[in-house]
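One structure is given here, and the rest of the page talks about it.
Below is the structure:
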């Protein structure tokens, strides 16, 4: 037999015979010394975490105060790009990417300087500083060559649109199935070979699941590459803004969905016809012209005012406004344009409204443009919606706002553009209640099967 040391003796390893039961300890027995050590260690860790939090919070406030003058400036780099100077946040992250769009984490609250301008004044100043300024349209192709426009011909074509997916493992499987389904659809319907490209309207991951790890970007890019046509991606909130390290996440977004994503073997034969152009300083912005339609991709996010400084928001807004302005002014002079489609992620809200007001300045009251159909196509919503509220408010009646349903639970949308013969649009009909026509039949939006009855019930044949 081996005796058990009493609680008052030094503790250590001990053994007892297997045949004898463990000695009974009453609830009032003294706890072993090692347990008190564990309690003490745990308390020290918690106290240290609290002190670290207080120190970091004080550092953030000090940094914000010290850099307040810098935050008020536009911080234009020598190469003309705009630097993000609002990086002092919950995790103090410096931005290595040369644009105001990126960098930092979630901002802590701070008091506003008394001299800070109101939001309305800021937006008015921002709108007045957008370049290039709207022209009167007399140099536009449609104005200079009105006779040629009147008898112009264009082929009809289509493209598919997804958004807000994949957020989970099963939505990843669903995305793979959707890409396979589109390939089968084109094979079974040769007349639909006019599907030319695809667009993902942002939010290619759910941050709480992916943690914005590189593998998430790589995997979704791989799944999109299973589609039948080249696929463009515009940034959404969860693609970088909601990530722990924004600058790194934006670098990953550009690495997997930016300029190097398009020219791949799986759709190389379809790349040239798009003649895609990207912004040199902010390559997630793109523009191209195809069969009379001008396509513009912007970086519009749904961000609450407390989530970043208004200086960072204003800079990103300005970049978007000027990208649309330069694209419209350049392409309208060079091409016969019969419609415009703008791809973005965020819905139209009070915060994003200045973007749409700025865009309207390049169409309203300009004879050669005011009747050109303009469609803003976006995600970040919970259903299909065609909204004309803004067009009615501003009397820009050729504008429409279209939101599509998250693709994790609904079919990718097909958008058809009608052909044009001798200057006349061959209007597309609505063939069923899942189709919606816009602009007198120039555009048809086909939701196909719509919302899945059971989104997790994925056809196994599409997963092979």
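Residue numbers (our numbering): 276 to 739.
For glycine and all other residues, C-beta sits at the position ideal for the given N, C-alpha and C.
Residues sharing a beta bridge with residue i, DSSP
i	result
residue 616	570 and 650
residue 685	726
residue 514	Answer by DSSP bridge pairing: none, since residue 514 is not bridged.
residue 475	437 and 508
residue 553	561
residue 695	429 and 700
residue 470	433
Spatial distance of residue i from residue j (CA atoms)
i	j	result
residue 719	residue 473	16 Å
residue 475	residue 558	16 Å
residue 647	residue 488	42 Å
residue 571	residue 422	27 Å
residue 461	residue 410	42 Å
residue 701	residue 639	26 Å
residue 564	residue 320	60 Å
residue 706	residue 724	13 Å
residue 433	residue 677	16 Å
residue 708	residue 608	38 Å
residue 313	residue 307	11 Å
residue 439	residue 310	49 Å
residue 666	residue 522	36 Å
residue 456	residue 603	35 Å
residue 427	residue 717	15 Å
residue 481	residue 596	28 Å
residue 340	residue 691	Confidence at residue 340 is low in this model, with a pLDDT of 42, below 50, so its placement is unreliable and no value can be given for it.
residue 729	residue 736	17 Å
residue 535	residue 316	51 Å
residue 429	residue 486	45 Å
residue 605	residue 727	42 Å
Boundaries of the beta strand (DSSP E) in which residue i is found, first to last residue
i	result
residue 691	688-692
residue 662	660-662
residue 535	It is not in any beta strand (DSSP E) - residue 535 carries neither H nor E in the DSSP assignment.
residue 712	710-713
residue 630	Note, residue 630: premise wrong, no beta strand (DSSP E); alpha helix (DSSP H) at 628-635.
residue 678	674-678
Anticipated Cβ contact below 8 Å, residue i with residue j, distance rounded
i	j	result
residue 661	residue 675	6 Å
residue 561	residue 507	6 Å
residue 495	residue 441	6 Å
residue 549	residue 505	7 Å
residue 643	residue 671	At roughly 15 Å, the Cβ-Cβ gap does not stay under 8 Å, so residue 643 and residue 671 are not in contact.
residue 435	residue 688	7 Å
residue 575	residue 627	6 Å
residue 273	residue 407	Outside the shown range of the chain (276 to 739) lies residue 273, about which nothing can therefore be said.
Residue i, DSSP secondary structure in three states
i	result
residue 447	helix
residue 719	strand
residue 594	helix
residue 521	helix
residue 586	helix
residue 656	coil
residue 503	coil
residue 459	helix
residue 644	coil
residue 623	coil
residue 706	coil
residue 735	helix
residue 670	coil
residue 579	coil
residue 352	Summary for residue 352: the model assigns pLDDT 43, below 50, so the residue's position carries little reliability, and this model does not support an answer.
residue 422	helix
residue 548	helix
residue 380	Because the pLDDT at residue 380 is just 43, under 50, the model does not fix this residue reliably, and the point stays unresolved.
residue 639	coil
residue 371	For residue 371, the predicted structure reports a pLDDT of 35, less than 50, and the residue's modelled location is therefore unreliable. A value from the coordinates is still provided. Correct three-state label for residue 371: coil.
residue 406	coil
residue 318	helix
Terminal residues of the alpha helix (DSSP H) in which residue i lies
i	result
residue 402	394-403
residue 495	489-499
residue 419	416-419
residue 484	482-485
Near the ligand PLP: residue i beta-carbon under 8 Å from a heavy atom
i	result
residue 568	Among the components of this structure there are no ligands whatsoever, and the ligand PLP is therefore not found.
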